[in-house]
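*Asks:*
Numbering (the numbering used here), first residue to last: 587 to 858.
#1: How far does the beta strand (DSSP E) with residue 693 in it extend, from its first residue to its last?
#2: Compute the Euclidean distance between the alpha carbons of residue 825 and residue 791, then round it to the nearest angstrom.
#3: With distances taken Cα to Cα, identify the nearest neighbour of residue 704 among 604, 657 and 844.
#4: State the Cα-Cα distance for the pair residue 758 and residue 799, rounded to the nearest angstrom.
#5: Quick check: does the Cβ of residue 645 come within less than 8 Å of any heavy atom belonging to the ligand GTP?
#6: Less than 9 Å separating the beta-carbons of residue 812 and residue 848?
#7: Residue 655: which of 850, 737 and 804 sits nearest, CA to CA?
#8: Can you tell me which of the three DSSP states residue 790 falls into?
#9: Can you tell me whether residue 632 is helix, strand or coil according to DSSP?
#10: Tell me the residue span of the beta strand (DSSP E) that contains residue 740.
#11: Given a cut-off of 9 Å on the beta-carbon distance, is the pair residue 628 and residue 618 in contact?
#12: Cβ of residue 773 within 9 Å of Cβ of residue 803?
#13: Assign residue 829 to buried or exposed, taking buried as 16 or more other Cβ atoms, counted over all protein chains shown, within 10 Å of its Cβ.
#14: Is the separation between the beta-carbon of residue 787 and that of residue 723 shorter than 9 Å?
#15: Considering only their Cβ atoms, is the gap separating residue 743 from residue 711 smaller than 9 Å?
#16: Out of 795, 699, 706 and 683, state which residue places its alpha-carbon closest to the alpha-carbon of residue 692.
#17: Select from 700, 633 and 853 the residue whose C-alpha is nearest the C-alpha of residue 763.
#18: Mark residue 808 as exposed unless 16 or more other C-beta atoms lie within 10 angstroms of its C-beta, in which case mark it buried.
#19: Would you call residue 732 buried or exposed, if buried means 16 or more other Cβ atoms sit within 10 Å of its Cβ?
#20: Could you please give me the residues that DSSP links to residue 712 through a beta bridge?
#21: Does the beta-carbon distance from residue 673 to residue 747 come in below 9 Å?
Structure follows, in structure tokens:
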């Protein structure tokens with residue numbers, strides 16, 4: 587293969603719309619300078635995109651309006667390239683499990699490494715950090731699902747992890763209302779034992795937030811699996827800690843939920 591274009595055709599014939607610079611140099615036998623110039627020309631033509639230096643995406647004509655292929659098709663190889671574990675979660679995972687009220691405008695990935703966000707045309711990938719210890723405990727194969735694409739499979743949060751993630755990282759999931767909607771839509775299908783075991787590795791306030799929503803929407807079996815976390819709490823926390831009253835006296839007007847030890851300081855509305 588004497589040109590980068592031939593190498594790209596070879597990758598597409600394999601069903602792979604991504605490659606690394608190292609792989610391309612080995613296969614095509616191009617010099618580094620020739621590869622750099624060819625890759626730059628193809629990026630300008632909209633044939634290639636590069637989310638990180640040394641990793642390239644091949645953009646088919648029907649994908650060029652978006653600036654890159656669907657991230658689900660290449661997130662696995664990309665995370666291997668940057669040597670980071672991952673799971674797709676939050677609103678993309680919620681949609682995968684059947685909560686379709688809110689469109690996932692950002693493709694969200696949870697990882698035990700701090701990674702900068704990626705923007706390629708209309709495709710936006712946001713990385714959400716979870717501490718390595720907690721991530722290792724919950725990112726178990728039996729608690730994950732496979733998201734199938736025409737390029738293979740990507741790891742996506744199972745239903746129970748999706749619920750916990752949206753209540754822990756609700757500010758990345760369309761706010762407290764977005765988290766409530768996901769719990770409303772999916773909570774009844776959560777496996778109580780998995781939910782309780784996975785919850786041990788999340789912040790107590792996030793678990794209580796999930797328990798409150800589960801109870802509110804009538805998913806009582808799942809809510810009761812988390813009640814012990816509320817019983818361990820020593821103080822009450824606001825449902826949405828980002829909402830601060832302008833004067834201290836207003837805090838006394840918040841509804842108190844003694845069961846989950848939460849101050850219901852916002853109204854989380856959902857679509858039925």
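Every residue, glycine too, gets a C-beta built ideally from N, C-alpha and C.
Small disclaimer: the values here were computed from a predicted structure and weren't measured.
*Replies:* Reading from the atomic positions:
#1: Residue 693 -> beta strand (DSSP E) spans 693-697.
#2: In a straight line, the C-alpha of residue 825 is about 8 Å away from that of residue 791.
#3: It is 657.
#4: C-alpha separation (whole angstroms): 17 Å.
#5: The model on display carries no ligand, and the ligand GTP is accordingly not part of it.
#6: No; because the gap between Cβ atoms is not below 9 Å, this pair is not in contact.
#7: The option with the nearest alpha carbon to residue 655 is 737.
#8: DSSP places residue 790 in helix when its eight states are reduced to three.
#9: Here residue 632 carries a coil assignment [DSSP, helix/strand/coil].
#10: Segment 738-743, the beta strand (DSSP E) holding residue 740.
#11: No, they are not a contact pair.
#12: Judged by their CB atoms, residue 773 and residue 803 are nearer to each other than the 9 Å cut-off.
#13: Of the residues assessed, residue 829 falls on the exposed side of the cut-off, its CB having fewer than 16 other CB atoms within 10 angstroms.
#14: Yes; because the gap between Cβ atoms is below 9 Å, this pair is in contact.
#15: No; because the gap between Cβ atoms is not below 9 Å, this pair is not in contact.
#16: When each option's Cα is compared against that of residue 692, the closest is 706.
#17: Comparing Cα positions, the closest option is 853.
#18: Residue 808 is buried by the Cβ-count criterion.
#19: Exposed, by the Cβ-count rule.
#20: As DSSP reads the structure, residue 712 sits in a beta bridge with 694.
#21: Against a cut-off of 9 Å, the Cβ pair of residue 747 and residue 673 comes out as a contact.
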